[in-house]
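Numbering (the numbering used here), first residue to last: 88 to 143.
Data first, discussion second: the structure below is written as structure tokens.
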């Protein structure tokens, strides 16, 4: 995900926190996304079968 796309997604989230985010927009750069939450790092991964796995 490039910085412009990340900023656009972030601004959409701030305007409507209940609006769904497509997984395609998260995984535009690959099959893994790192998420920082309360000082911890999580990894959201998309499997070959299209399932999502969140690990700490």
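Ideal Cβ placement from N, Cα and C applies to all residues, glycine included.
For residue 125, no beta strand (DSSP E) segment is defined, and its DSSP state is neither H nor E. Cβ contact annotation for residue 123 (same chain, cutoff 6 Å, sequence separation greater than five): none. With respect to the C-alpha of residue 125, the residue from 143, 119 and 108 having the closest C-alpha is 143.
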